[in-house]
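Residue numbers (our numbering): 0 to 159. Glycine included, C-beta positions come from ideal geometry on N, C-alpha and C. The block underneath contains the structure these notes are about, expressed in structure tokens.
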Amino acid sequence: MINRVDFLKGVGIFKGLDTDSLNRIAAVMEEQEFETGGVVFDEKGTADALYIILDGGVDIFAKGSGGKDILIGKLIREEFFGQLSLIGNFEHLVKAVSQQNTTLLKLPRSKFMEMNKTNPQLSLRIVLNIFSDFLKSIQDNRDAFKYIIEYYIRSKEDFK
């Protein structure tokens, strides 16, 4: 059996946390098992937890035109998703489906908020890591964003 604290040390969202903080987080996380094709959450469902892949993998789908699911990401061990649920009440914008038999660690928003009351520094570190990861994602995808913005501007000009 894997030591959860040792595992969490390798997960980016917990970067900079000490062993005591990781122990607190590990103690409130729930382990969930999904068979191949199991839906972790569906688009437009309530986002209420952070998920970390302990074993297996998860595919992320977005709805395309006509309602067809389009694969937009593949996540593997130690990667996480659903992190925005920790900082606000949101609907899922995507669907998450297990690629194979998969084990996830789930940190419910309610448990995170309880930790925030007793240890706000711990919660702040996690939120800062979420923000840092978000900024990195924007930076890594800036060319795609630029293309989308230019396409949008051109399409608006075509309708003038």
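Taking every protein chain shown into account, the CB of residue 82 has 16 or more other CB atoms within 10 angstroms, so this residue is buried. Looking at the backbone, the Cα of residue 87 and that of residue 24 are separated by about 19 Å. A Cβ-Cβ contact shorter than 8 Å links residue 16 with residue 124. Straight across, the Cα-Cα distance linking residue 75 with residue 56 is about 5 Å. CA-CA distance, residue 2 to residue 109, rounds to 24 Å.
The beta carbons of residue 102 and residue 34 sit no closer together than 8 Å. For residue 18, the uninterrupted alpha helix (DSSP H) run begins and ends at 18-27, by DSSP.
Among the bridge pairs identified by DSSP, residue 84 is matched with none. In this chain, residue 1 is not harboured by any beta strand (DSSP E), its DSSP state being neither H nor E. A distance below 6 Å between beta-carbons, with the five flanking residues on each side excluded, links residue 92 to no residue of its chain. For the set 30, 68, 4, the Cα lying nearest the Cα of residue 106 is the one of 30. Looking at the DSSP output, residue 102 sits in a beta bridge with 32, 54.
Counted as a single uninterrupted DSSP element, the stretch harbouring residue 47 is not any alpha helix (DSSP H), since DSSP gives it neither H nor E.
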